[in-house]
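**Q** Protein chains in written order, with my numbering: chain A, 1 to 365; chain B, 366 to 730. Every residue gets a Cβ at the ideal spot worked out from N, C-alpha and C, and that includes glycine. One structure follows; several queries about it will come next.
Number of protein chains: 2
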Amino acid sequence: MIIKPTLILDVEKCKTNIAKMYARAQKYNVTLRPHFKTHQSLEIGRWFKDIGVVKITVSSLEMAEYFSTDWNDITVAFPVNILEIETINTLAEKVQLNVLIESKETAQFLNKNLKYKINFFIKINIGNNRTGLAYSDAESIENILELTKDSAVLNFKGFLGHAGQTYACKGESEIIEAHKKSKSKLVRLKDIFKTRYPDLILSYGDTPSCSIAEDFLGIDEIRPGNFVFYDVMQLQIGACNVEDIAVAMACPIVAIHESRNEIVIYGGGIHFSKERIEDSQYGTIYGLIVQKDGNAWGNLIPGMYIKGLSQEHGIIKVPKSEINNYSIGDVLLVLPVHSCMTANLMKTYLTTKNDIIKMFDHLNN
Amino acid sequence: MIIKPTLILDVEKCKTNIAKMYARAQKYNVTLRPHFKTHQSLEIGRWFKDIGVVKITVSSLEMAEYFSTDWNDITVAFPVNILEIETINTLAEKVQLNVLIESKETAQFLNKNLKYKINFFIKINIGNNRTGLAYSDAESIENILELTKDSAVLNFKGFLGHAGQTYACKGESEIIEAHKKSKSKLVRLKDIFKTRYPDLILSYGDTPSCSIAEDFLGIDEIRPGNFVFYDVMQLQIGACNVEDIAVAMACPIVAIHESRNEIVIYGGGIHFSKERIEDSQYGTIYGLIVQKDGNAWGNLIPGMYIKGLSQEHGIIKVPKSEINNYSIGDVLLVLPVHSCMTANLMKTYLTTKNDIIKMFDHLNN
Numbered sequence: 001m002i003i004k005p006t007l008i009l010d011v012e013k014c015k016t017n018i019a020k021m022y023a024r025a026q027k028y029n030v031t032l033r034p035h036f037k038t039h040q041s042l043e044i045g046r047w048f049k050d051i052g053v054v055k056i057t058v059s060s061l062e063m064a065e066y067f068s069t070d071w072n073d074i075t076v077a078f079p080v081n082i083l084e085i086e087t088i089n090t091l092a093e094k095v096q097l098n099v100l101i102e103s104k105e106t107a108q109f110l111n112k113n114l115k116y117k118i119n120f121f122i123k124i125n126i127g128n129n130r131t132g133l134a135y136s137d138a139e140s141i142e143n144i145l146e147l148t149k150d151s152a153v154l155n156f157k158g159f160l161g162h163a164g165q166t167y168a169c170k171g172e173s174e175i176i177e178a179h180k181k182s183k184s185k186l187v188r189l190k191d192i193f194k195t196r197y198p199d200l201i202l203s204y205g206d207t208p209s210c211s212i213a214e215d216f217l218g219i220d221e222i223r224p225g226n227f228v229f230y231d232v233m234q235l236q237i238g239a240c241n242v243e244d245i246a247v248a249m250a251c252p253i254v255a256i257h258e259s260r261n262e263i264v265i266y267g268g269g270i271h272f273s274k275e276r277i278e279d280s281q282y283g284t285i286y287g288l289i290v291q292k293d294g295n296a297w298g299n300l301i302p303g304m305y306i307k308g309l310s311q312e313h314g315i316i317k318v319p320k321s322e323i324n325n326y327s328i329g330d331v332l333l334v335l336p337v338h339s340c341m342t343a344n345l346m347k348t349y350l351t352t353k354n355d356i357i358k359m360f361d362h363l364n365n
Numbered sequence: 366m367i368i369k370p371t372l373i374l375d376v377e378k379c380k381t382n383i384a385k386m387y388a389r390a391q392k393y394n395v396t397l398r399p400h401f402k403t404h405q406s407l408e409i410g411r412w413f414k415d416i417g418v419v420k421i422t423v424s425s426l427e428m429a430e431y432f433s434t435d436w437n438d439i440t441v442a443f444p445v446n447i448l449e450i451e452t453i454n455t456l457a458e459k460v461q462l463n464v465l466i467e468s469k470e471t472a473q474f475l476n477k478n479l480k481y482k483i484n485f486f487i488k489i490n491i492g493n494n495r496t497g498l499a500y501s502d503a504e505s506i507e508n509i510l511e512l513t514k515d516s517a518v519l520n521f522k523g524f525l526g527h528a529g530q531t532y533a534c535k536g537e538s539e540i541i542e543a544h545k546k547s548k549s550k551l552v553r554l555k556d557i558f559k560t561r562y563p564d565l566i567l568s569y570g571d572t573p574s575c576s577i578a579e580d581f582l583g584i585d586e587i588r589p590g591n592f593v594f595y596d597v598m599q600l601q602i603g604a605c606n607v608e609d610i611a612v613a614m615a616c617p618i619v620a621i622h623e624s625r626n627e628i629v630i631y632g633g634g635i636h637f638s639k640e641r642i643e644d645s646q647y648g649t650i651y652g653l654i655v656q657k658d659g660n661a662w663g664n665l666i667p668g669m670y671i672k673g674l675s676q677e678h679g680i681i682k683v684p685k686s687e688i689n690n691y692s693i694g695d696v697l698l699v700l701p702v703h704s705c706m707t708a709n710l711m712k713t714y715l716t717t718k719n720d721i722i723k724m725f726d727h728l729n730n
């Protein structure tokens, strides 16, 4: 029985998302190296293994350690934090570790301090403007390659980019346009460097383009993560449909304010995170409410959304016609705006079949 | 040695904040019942006890359980979640439990299902529009009082309000104005009900007004929480000065992008939360950078702020004149936008004197 905020996982929807992405990877002849930062769970990871996935992506060295019990080819898709060299060496001894480098300082440091051979990608900024070298910055790229060309510990694997700017897209055509531009930046680098490095590969990320695009020519592997659950943000972007969203938060109703057309739930920023999006109809929202069927869920309830979150409270806007259908003590199901952030806060899944699935807890592992 | 995102606590600043608020409470003749949802730590709680605090506020029943080892008068400042009746009874047996009621349904449920006597406040909406009955809603107030007047388990304690709208204020005069209006709503209720309930008290909250206001006439207790640490949001509101902020996040630099005047830190949404504010000078920000002095810190560095956060990355804007002072592997100190949310994510403090202080972990307690 659900008595407080609980993250529900629909295993069938989740497995379907995994199978679909795997089929896309096969169709477009790319390796699926899924990003596990979304689900952060060994058990869910095994569902990927079951269908043939053998390589994964994570976002921190701690997460790599957690998954290293089950996986032996792990890319940490985050610029190397040189202060964690000890963890890097521990991992490098145990698994095929792949890291991202975007400066000669980091390359030099690793060259000097690594005890085991690892692969590295040069991180390229393909439009997201978060990390990475400009694709046109030949000098910096050459500097890193020069520094590592005779290295016994650093093996150049290729170029890696994350088209995170697709998160600002609305609809299929915008995603495809962003994807095209991002991909072309990576492919251009492959064209330039493939004579000198015939084995180099291109690693490409982000859920929106990997869910929608149909041209991956030149790309060797894809690293989507969020698709395993999807969420309201992906729905707004146009990367999924409502029925693809595989997680929902179950939240008890603690107060009903008819005069304000609002319901207060137990479920706040410490459960959902404060991730928000601007909805064209509702304004700023933090989640959408779905029809409840036991612990499973159906369609969106029109006009119902989280309009505000504080530490433990969620304030839900409810249409006048709908509000009398609810009582204090009922449990609402809410699709989160950003499933990665919500899962990271909740640390445990309750499946629609009432099984408990534990996640990585970076503070207690 | 700090090698990954770490929440640093300046114990002296924190104890000064506690002492100042306690002195204010004494000066204005109100009881300080601090809200412990910000620090969530038994050890920090003891610093309050040491100066004479005997009653506390928390935001969930789980948190009440955690603190019930040290405290025996606890208000859960959240509308009763009736689904947790078992926890309520466990707590009610052990400590003086005080809860918030804002509906007759909840009053009826508790009347029927409580095994031990507890106090309740009627939650009043004093302008925040999050929870609570309208102060003018005499009918609903009377309904609850009628239902509980002969109850053996529900003892009416008074009215409770949270002037959370002060979080939208900028500067002292706006805070004082909001405080005046909020307080008058509670005081009006006291005037109406004190003949029938001579022992009723008024409980009043929020850090901005409790930090700034000088008129608490009619109020019996105050429940500020955030003041224990303060943060960038309180700084913007005008509730504190930079030197009052008692926590900072230490984050390693993992990349430097001179061409974009940006530094990438290891420290993202899973460390800071995605709480943000609009700064008049910088636009949307997620934290401000301070001068580092070992693990302690000094003034803000002008022009340096977190402009974006993803799961593990923070992107820091850096003035052109400043960027060459930093190297990969350096650790930056960042004042968080919302210390409650950041502390809740980090679960552990490292003090400026290198002691570790553990927090409540609602998922592992």
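Tell me which residues of the stretch 394-406 of chain B have at least one Cβ-Cβ distance to chain A shorter than 8 Å, keeping chain order.
**A** K402
**Q** Determine the contact status of A:K317 and A:M304, defining contact as a CB-CB distance below 8 Å.
**A** The residue you call residue 317 of chain A lines up with position 317 of the first sequence. The residue you call residue 304 of chain A lines up with position 304 of the first sequence. Taking 8 Å as the Cβ cut-off, A:K317 and A:M304 qualify as a contacting pair.
**Q** Which value, in whole angstroms, describes the spacing of the CA atoms of B:K480 and A:L332?
**A** For the purposes of this step, residue 480 of chain B is identified with residue 115 of the second sequence, where counting begins at 1. For the purposes of this step, residue 332 of chain A is identified with residue 332 of the first sequence, where counting begins at 1. If I take the Cα positions, the gap works out to 28 Å.
**Q** How is A:L186 classed by DSSP in three states: helix, strand or coil?
**A** Residue mapping note: residue 186 of chain A aligns to position 186 of the first sequence, counting from 1. In the three-state reduction of the DSSP assignment, A:L186 falls in the helix class, which pools H, G and I.
**Q** Near B:I541, which residues of its chain fall below 7 Å by C-beta distance, leaving aside the five closest residues on each side in sequence?
**A** Stepping through the second sequence from its first residue, residue 541 of chain B is reached at position 176. Same-chain partners within the cutoff: I577 and A578.
**Q** In this structure, what does DSSP give as the bridge partners for B:D658?
**A** Reading the second sequence from its first residue, position 293 is the one you call residue 658 of chain B. Its beta-bridge partners are B:A661.
**Q** Kindly say whether B:C705, judged by its beta-carbon, lies nearer than 8 Å to any beta-carbon of chain A.
**A** Translated into the one-based positions of the second sequence, residue 705 of chain B becomes position 340. It does; some Cβ of chain A falls within 8 Å.
**Q** Report the rounded CA-to-CA distance for A:H338 versus A:V242, giving the unit in angstroms.
**A** Here residue 338 of chain A refers to the residue found at position 338 of the first sequence. Here residue 242 of chain A refers to the residue found at position 242 of the first sequence. Cα to Cα, A:H338 sits roughly 14 Å from A:V242.
**Q** With a Cβ-Cβ cutoff of 8 Å, do A:V95 and A:D73 count as a contact?
**A** Taking the first residue of the first sequence as 1, we reach residue 95 of chain A at position 95. Taking the first residue of the first sequence as 1, we reach residue 73 of chain A at position 73. Contact: yes.
**Q** Closer than 9 Å between beta carbons: that is the criterion. Which residues of the stretch 664-682 of chain B meet it against chain A?
**A** G673, S675, Q676, E677, H678 and I680
**Q** Check the Cβ of B:A620 against every Cβ in chain A and list those closer than 7 Å, keeping chain order.
**A** Position 255 of the second sequence, counted from the start, is the residue given in the question as residue 620 of chain B. Near B:A620 (Cβ distances below 7 Å), the residues of chain A are P79, E102, S103 and T131.
**Q** Thinking A:I122 and A:I101 are a contact (beta carbons under 8 Å), I'd like their distance in whole angstroms, please.
**A** Taking the first residue of the first sequence as position 1, residue 122 of chain A is located at position 122. Taking the first residue of the first sequence as position 1, residue 101 of chain A is located at position 101. That belief holds up - the Cβ atoms of A:I122 and A:I101 are roughly 6 Å apart, short of 8 Å.
**Q** Mind listing the chain A neighbours of B:Y631? Cutoff is C-beta to C-beta under 9 Å, in chain order.
**A** Taking the second sequence and counting its residues from 1, the one referred to as residue 631 of chain B is at position 266. Simply S60, F78, P79, N81, L83 and E84.
**Q** Can you name the start and end residues of the beta strand (DSSP E) that A:Y204 belongs to?
**A** Taking the first residue of the first sequence as position 1, residue 204 of chain A is located at position 204. A:Y204 -> beta strand (DSSP E) spans I201 to G205.
**Q** Using a Cβ-Cβ cutoff of less than 8 Å, which residues in the same chain neighbour A:I51 once the five nearest sequence positions on both sides are dropped?
**A** For the purposes of this step, residue 51 of chain A is identified with residue 51 of the first sequence, where counting begins at 1. Answer for A:I51: I18, A19 and Y22, listed in chain order.
**Q** Assuming A:N111 contacts A:T166 (C-beta within less than 8 Å), just tell me the rounded distance between them.
**A** In the first sequence, residue 111 of chain A corresponds to position 111, counting from 1. In the first sequence, residue 166 of chain A corresponds to position 166, counting from 1. About 34 Å separates the two Cβ atoms, so there is no contact after all.
**Q** Counting only runs of 3+ residues fully inside the stretch 579-628 of chain B, write out the beta strand (DSSP E) ranges in chain order.
**A** 586-588 and 612-622
**Q** What residues are listed by DSSP as bridge partners for B:D644?
**A** The residue you call residue 644 of chain B lines up with position 279 of the second sequence. Looking at the DSSP assignment, B:D644 forms a beta bridge with B:G648.
**Q** Tell me the rounded alpha-carbon separation between A:I253 and A:H313.
**A** Sequence index remark: in the first sequence, residue 253 of chain A carries index 253 (1-based). Sequence index remark: in the first sequence, residue 313 of chain A carries index 313 (1-based). Taking the straight line joining both Cα atoms gives about 10 Å.
**Q** What does A:S182 touch in chain B if you count any residue whose Cβ is under 9 Å from its own?
**A** On the first sequence, residue 182 of chain A is found 182 positions in, with the first residue counted as 1. Near A:S182 there are no residues of chain B at all, since even the closest Cβ is about 16 Å away, more than 9 Å.
**Q** With DSSP as the reference, label A:L114 as helix, strand or coil.
**A** Stepping through the first sequence from its first residue, residue 114 of chain A is reached at position 114. Coil.
**Q** Which runs of the beta strand (DSSP E), 3 residues or longer, sit entirely within the stretch 482-566 of chain B?
**A** 483-490 and 519-526
**Q** Tell me the rounded alpha-carbon separation between A:I377 and A:V11.
**A** Any property of residue 377 of chain A remains undetermined from this structure, which presents chain A solely from 1 to 365.
**Q** Excluding sequence positions up to five away, which residues of its chain have a Cβ less than 8 Å from the Cβ of A:L91?
**A** On the first sequence, position 91 is the one that residue 91 of chain A refers to. Contacts found: L61, A64, E65, S68, I74 and L97.
**Q** Distance check for B:F474 and B:S516, CA to CA, integer angstroms please.
**A** Counted from its first residue, the second sequence places residue 516 of chain B at position 151. Counted from its first residue, the second sequence places residue 474 of chain B at position 109. If I take the Cα positions, the gap works out to 12 Å.
**Q** State whether the stretch 496-507 of chain B contacts the stretch 563-571 of chain B, with contact taken as three or more CB pairs (one from each stretch) at a distance under 8 Å.
**A** Taking a contact to require three or more Cβ pairs closer than 8 Å, the stretch 496-507 of chain B and the stretch 563-571 of chain B do not qualify as touching.
**Q** If we ignore side chains and look at the alpha-carbon of each, how far apart do A:I124 and A:V76 end up?
**A** In the first sequence, the residue the question calls residue 124 of chain A occupies position 124. In the first sequence, the residue the question calls residue 76 of chain A occupies position 76. Cα to Cα, A:I124 sits roughly 15 Å from A:V76.
**Q** Show which residues of chain B have a CB atom less than 7 Å away from the CB atom of A:E275.
**A** Residue mapping note: residue 275 of chain A aligns to position 275 of the first sequence, counting from 1. Within chain B, the residues near A:E275 are K639.
**Q** Beta-carbon within less than 6 Å of A:N295's beta-carbon, same chain only, minus the 5 sequence neighbours each way: which residues are those?
**A** Residue numbering aside, residue 295 of chain A sits at position 295 when the first sequence is read from its first letter. Closer than 6 Å at the Cβ level, and outside the excluded window around A:N295, lie I8 and T352.
**Q** Could you say which of B:K546, B:D695 and B:V699 lies nearest to B:D596 if we only look at CA atoms?
**A** Within the second sequence, the letter at position 231 stands for residue 596 of chain B. The residue with the shortest Cα to Cα distance from B:D596 is B:V699.
**Q** So, at 7 Å on beta carbons, what are the nonlocal neighbours of A:K15 in its own chain, with the 5 sequence-adjacent residues on each side left out?
**A** Here the question's residue 15 of chain A lines up with position 15 in the first sequence. Within the same chain, A:K15 has close Cβ partners W47.
**Q** Looking at the structure shown, is B:G668 part of a helix, part of a strand, or coil, going by DSSP?
**A** The residue you call residue 668 of chain B lines up with position 303 of the second sequence. Three-state result, B:G668: strand.
**Q** Are any of the Cβ atoms in chain A nearer than 8 Å to that of B:S516?
**A** Translated into positions along the second sequence, residue 516 of chain B becomes position 151. Output row for B:S516: interface = no.
**Q** In the DSSP assignment, find the alpha helix (DSSP H) that holds A:L42 and state where it starts and stops.
**A** Numbered from its first residue, the first sequence carries residue 42 of chain A at position 42. Note, A:L42: alpha helix (DSSP H), L42 to D50.
**Q** Look at the Cβ atom of B:G590, then the Cβ atom of B:H400, and state whether they are nearer than 8 Å.
**A** Against the second sequence, residue 590 of chain B aligns to sequence position 225. Against the second sequence, residue 400 of chain B aligns to sequence position 35. Yes.
**Q** Taking 8 Å as the limit between beta carbons, can you name the residues of its chain near B:I693, skipping five residues before and five after?
**A** Along the second sequence, read from residue 1 onward, the residue named residue 693 of chain B stands at position 328. I618, V619, A620 and I621, listed in sequence order.
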